[in-house]
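S.K.: Got a structure here, written out as structure tokens. Questions coming.
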Amino acid sequence: MSGMNVSRPALEGSDRSRYRGPGIFEANFTMGLRQFFDTQKGKNVAIGVLAVGLLAAIISIWNSLRSSETEMAVNEPVFVNARTGEAKRFKLGGKIPEGFHPAEFCYWTKDGKRKDKPTPVLLNKFKDLPEPTFCPDCGRLVVALNPVPTETSKPPPTEAEWKARHPK
Ligand SMILES: [Zn+2]
Numbered sequence: 001m002s003g004m005n006v007s008r009p010a011l012e013g014s015d016r017s018r019y020r021g022p023g024i025f026e027a028n029f030t031m032g033l034r035q036f037f038d039t040q041k042g043k044n045v046a047i048g049v050l051a052v053g054l055l056a057a058i059i060s061i062w063n064s065l066r067s068s069e070t071e072m073a074v075n076e077p078v079f080v081n082a083r084t085g086e087a088k089r090f091k092l093g094g095k096i097p098e099g100f101h102p103a104e105f106c107y108w109t110k111d112g113k114r115k116d117k118p119t120p121v122l123l124n125k126f127k128d129l130p131e132p133t134f135c136p137d138c139g140r141l142v143v144a145l146n147p148v149p150t151e152t153s154k155p156p157p158t159e160a161e162w163k164a165r166h167p168k
């Protein structure tokens, strides 16, 4: 009992001294945490920079792919074989095999909607046919230098519509 009484202040003393100890330890720990957060923040920043860089790379690749597609459309136009109907790209300035003629493009669907992937169409004049050309896909009129539709474009007439407007 008396031993406990003696040891209690000692304990308290040691608690107090320990209290100061953890205080220092805590400060060290907080600093450590701060450092830890700093590195974590650093990591986050690094990841952010990487992500932005990666996104930029993807966008630039996508853009170059897109421009090369446009470039190909200009430098390698589509030709259609008058006999077989085969559509093929040939480099400008190169030799175009016999029977192939430059294609027009139809941007319409049967129900009069615009489509993203145009259909290459060979004009009848290349087949020595006098009648106007109608798209084999949608059945609408295709002319030389066939216009690319805009937002306000109306679909070209179908063969039946065209014939109704041009009675013989
Ligand atoms: Zn069409």
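When the letters of the sequence shown are read in order and numbered with my numbering, they come out as residues 1 to 168.
Ideal Cβ placement from N, Cα and C applies to all residues, glycine included.
By the 10 Å Cβ neighbour count, where 16 or more other Cβ atoms means buried, how is S153 classified, buried or exposed?
M.R.: Looking up residue 153 in the sequence shown gives position 153. Exposed, by the Cβ-count rule.
S.K.: Considering just the uninterrupted stretch of the beta strand (DSSP E) at E104, what are its terminal residues?
M.R.: As a first step, residue 104 is located in the sequence shown; it is residue number 104 there, counting from the start. It spans E104 to W108 - the beta strand (DSSP E) in which E104 sits, taken as one unbroken run.
S.K.: So what does DSSP say about T150, is it helix, strand or coil?
M.R.: Along the sequence shown, one-based indexing puts residue 150 at 150. In the structure shown, T150 sits in coil (DSSP, three-state: anything other than H, G, I, E or B).
S.K.: Using the three-state DSSP reduction, which class does D116 fall into: helix, strand or coil?
M.R.: Locating residue 116 in the sequence shown gives position 116, counting from the first residue. In this structure, D116 counts as strand in the three-state DSSP scheme.
S.K.: In three-state terms, what does DSSP make of F126?
M.R.: What you label residue 126 is simply residue 126 of the sequence shown in a count that begins at 1. Helix.
S.K.: How far does the beta strand (DSSP E) with A87 in it reach, from first residue to last?
M.R.: As a first step, residue 87 is located in the sequence shown; it is residue number 87 there, counting from the start. Looking at the DSSP string, the run of the beta strand (DSSP E) that includes A87 is A87 to R89.
S.K.: Measure the Cβ-Cβ separation of L92 and P102 and say whether it is below 8 Å.
M.R.: On the sequence shown, residue 92 is found 92 positions in, with the first residue counted as 1. On the sequence shown, residue 102 is found 102 positions in, with the first residue counted as 1. Contact flag unset, no.
S.K.: Any heavy atom of ligand 1 closer than 7 Å to the CB of W62?
M.R.: For the purposes of this step, residue 62 is taken as the residue at position 62 of the sequence shown. No, the beta carbon of W62 sits no closer than 7 Å to any heavy atom of ligand 1.
S.K.: Reducing DSSP to helix, strand and coil, say where R83 ends up.
M.R.: Residue mapping note: residue 83 aligns to position 83 of the sequence shown, counting from 1. In this structure, R83 counts as coil in the three-state DSSP scheme.
S.K.: Looking only at C-alpha atoms, which of A46, A160 and A73 sits nearest to K117?
M.R.: Counted from its first residue, the sequence shown places residue 117 at position 117. Per the Cα distances, A73.
S.K.: What residue range is occupied by the uninterrupted alpha helix (DSSP H) comprising E161?
M.R.: Here residue 161 refers to the residue found at position 161 of the sequence shown. First-last of the alpha helix (DSSP H) with E161: E159 to R165.
S.K.: Please classify L11: is it buried, with 16 or more other beta-carbons within 10 angstroms of its beta-carbon, or exposed?
M.R.: Residue 11 sits at position 11 when you count from the first residue of the sequence shown. Here L11 scores only 47 on pLDDT, less than 50, and its place in the model should not be relied on; the value that follows carries that caveat. Looking at its Cβ environment, which holds fewer than 16 other Cβ atoms inside 10 Å, L11 is exposed.
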